[in-house]
Amino acid sequence: MGPLRVKLFFTSDEHGYVATAGAIDKVVKEARSKDPDGVLFVSCGDVFQGASISELQDGKPALEVLGAAGYDVVEVGNHDFDRGVHYIKDWIGSAQYPVLAANVMEESTGQRLAGTKGHLIREVNGVKVGLVGVVTQETATVSYAENVQGLRFEDPVETVRREVAQLKAEGAEVIGVLSHLGSSDDEELARQVPVDFILGGHTHEAFQEPKNINGVLICQPGAYRKYLGSLELEVDPGSRRVTGHHHQLLEVSDQESDSEVSALVRRYRERVEKATGQVVSYADGDLVHSHTQGGSLDQAVGQAMLEQTGADVALFNRKLIRANLPAGEVTAGALLNALPFDNRVVTVELTQQQFEQAMAKSADYGDHRSLVRTDAGRPLGETIKVATTDFLAQGGNGYFHVANSATHGIVRDVLEGHLDRAAARLGLSLPNLNAIDVFRTLKG
């Protein structure tokens, strides 16, 4: 008798991108038609927050795709809390699939986030496959405080160790983790807790081959549904141990299929395309975002914040920016894809000591989470006027928490104003239309 086969398909960090969902659905359904009892289809979190098609429609396209495509299990990610606890509870309550969040606890009850599971077992071709789901503890600091109020994010290693023990007691034969921790934390988890595999996310990496740490296979499928991860495990029918595997990272296109998934994506896309395709500004050259060095888009955002506020320094989280802006006409949709979060520009007065502490924090992050732009030639006084985001000013990422701040508009709108002024200096005539008006019409 040959090995038993367990086929896992997985995506992560979808961030509302649904263009390729129809093609992914086709691959998964074809596999299920050939082996009806041999497939599990999972998401490793960050279903929401990103693509304009979903953001402008209250996340509905992202949610409906999960159901229509037949996901078996979904793990929560940090960005799934961006609409607040009530939204995530409504999602979980209406979901057609179980949602894992083993290390997310409610302070008021001391119990796991209502409606979620810590672990589960699914039988796949006769193999009892146990799954645990955990999200990064950073969720507490990388989210707006109000969005995670009343929640506690427990240590993922200790949580997985506890849940794995329970899974073994319940008869699980092959055990895996759906992780929204990031690759380095996945590696540490593999060193600490013996499981068979970890399907990961959070750091948006696409592993062409799994990492093998202490015999634990670690996979990550990248972000935005550009790839579909596939991991087939060979399981010995006697010992029920994993004896082999086959891994693929399948690049998928946005070619539509004749399916319910493609139909719903098309319906939602048609609703937003006309509006988001409207030109609202102009970029005199490609504006590129860099996670590790100051890209031209990062510089433009910083300069826009300085112009708007008259501050000495601009400081913001680089993960605020999610896409580049190509040269030429800037559409409302492109602006939203680049800056999907409704962070507001605020100004705060910091002492030299507070400012130095913020810079030290930035250095601790390897200079990939924040950017500073100074107004060269101006001496800094005893206090420093800093243009930042309300997210950072409220203690996000642990930078600082300032009670009093002045608000100057949404970052996206501030950047649009900066681009408009640059276009005017070039003598260009722009439509009398702002992105905020486009978005208000769609959401209205």
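Quick note on numbering: my numbering labels position 435 of the sequence shown as 451, and the sequence is numbered without any gaps. Think of the CB as a built atom: it goes at the ideal place given N, C-alpha and C, for glycine as much as any other residue.
Rounded to whole angstroms, the gap between the alpha carbons of residue 161 and residue 411 is 8 angstroms. Secondary structure note for residue 264: its beta strand (DSSP E) is the uninterrupted segment 258-267. By the CB criterion at 7 angstroms, residue 358 and residue 452 fall outside the cutoff.
Burial is judged here by how many other beta carbons sit within 10 angstroms of a residue's own beta carbon; residue 167 has at least 16 and is buried. Per the coordinates, the alpha-carbon of residue 235 lies some 5 angstroms from the alpha-carbon of residue 226. For residue 241, the secondary structure class from DSSP, reduced to helix, strand or coil, is coil. Counting along the chain, residue 299 sits inside the beta strand (DSSP E) bounded by residues 295-299. With respect to the 7 angstroms criterion, residue 189 and residue 133 are not classified as neighbours on the basis of their beta carbons. DSSP places residue 321 in no beta strand (DSSP E) but in the uninterrupted alpha helix (DSSP H) bounded by 312-325. A contact is defined here as three or more CB-CB pairs under 8 angstroms, and the segment 313-324 fails this definition with respect to the segment 268-277.
Taking the C-beta atoms as reference points, residue 193 is found no nearer than 7 angstroms to residue 175. Within the DSSP bridge table, the entry for residue 248 names 23, 262 as partners. Annotation for residue 164: 97, 101, 155, 156 place their beta carbon closer than 8 angstroms to its own, counting only its chain and skipping 5 residues before and after. Taking C-beta atoms under 8 angstroms as the contact rule, residue 207 and residue 191 fail to qualify, at a distance of about 16 angstroms. Boundaries of the beta strand (DSSP E) harbouring residue 146: 143-151, taken from the DSSP string.
Three or more beta-carbon pairs separated by less than 8 angstroms link the segment 286-304 to the segment 61-81, which places the two stretches in contact. Counting C-beta atoms within 10 angstroms of its own C-beta, residue 374 has 16 or more neighbours from the protein chains shown and is therefore classed as buried. Separation of the CB atoms of residue 61 and residue 92 is rounded to 5 angstroms, and the pair is thereby assigned contact status at 8 angstroms. Residue 450 holds the alpha-carbon nearest to the alpha-carbon of residue 297 among 28, 450, 114. For residue 224, the CB contacts under 7 angstroms within the same chain, skipping 5 residues up- and downstream, are 265 in chain order. Listed as beta-bridge partners of residue 133 by DSSP are 116. Judged by DSSP secondary structure, residue 422 falls within the beta strand (DSSP E) whose first and last residues are 422-426. When DSSP reads this structure, residue 401 sits in a beta bridge with 365. Annotation for residue 171: 119, 153 place their beta carbon closer than 8 angstroms to its own, counting only its chain and skipping 5 residues before and after. Taking C-beta atoms under 8 angstroms as the contact rule, residue 179 and residue 148 qualify, at a distance of about 4 angstroms. DSSP places residue 196 within a strand segment (E or B) once states are collapsed to three. Judged by DSSP in its simplified three-state form, residue 292 adopts helix. Sequence-distant partners of residue 353 (beyond 5 residues in either direction) whose C-beta falls short of 7 angstroms from its own C-beta, in its chain, are 67, 68, 338, 339.
Taking the Cβ atoms as the reference, residue 77 lies roughly 17 angstroms from residue 268, outside the contact range of under 8 angstroms. DSSP, reduced to helix, strand and coil, places residue 208 within a helical segment of the structure shown. Residue pairing for residue 228: DSSP places it in a beta bridge opposite 233. Here DSSP, grouped into helix, strand and coil, assigns residue 99 to coil.
Here residue 350 is actually not in contact with residue 294; their C-beta atoms are around 11 angstroms apart, not less than 8 angstroms. Counting the other Cβ atoms within 10 Å of the Cβ of residue 334 gives 16 or more, which makes it buried. Annotation for residue 330: the continuous beta strand (DSSP E) segment containing it runs 329-333. The C-beta separation of residue 343 from residue 301 comes to about 5 angstroms, placing the pair in contact by the 8 angstroms criterion.
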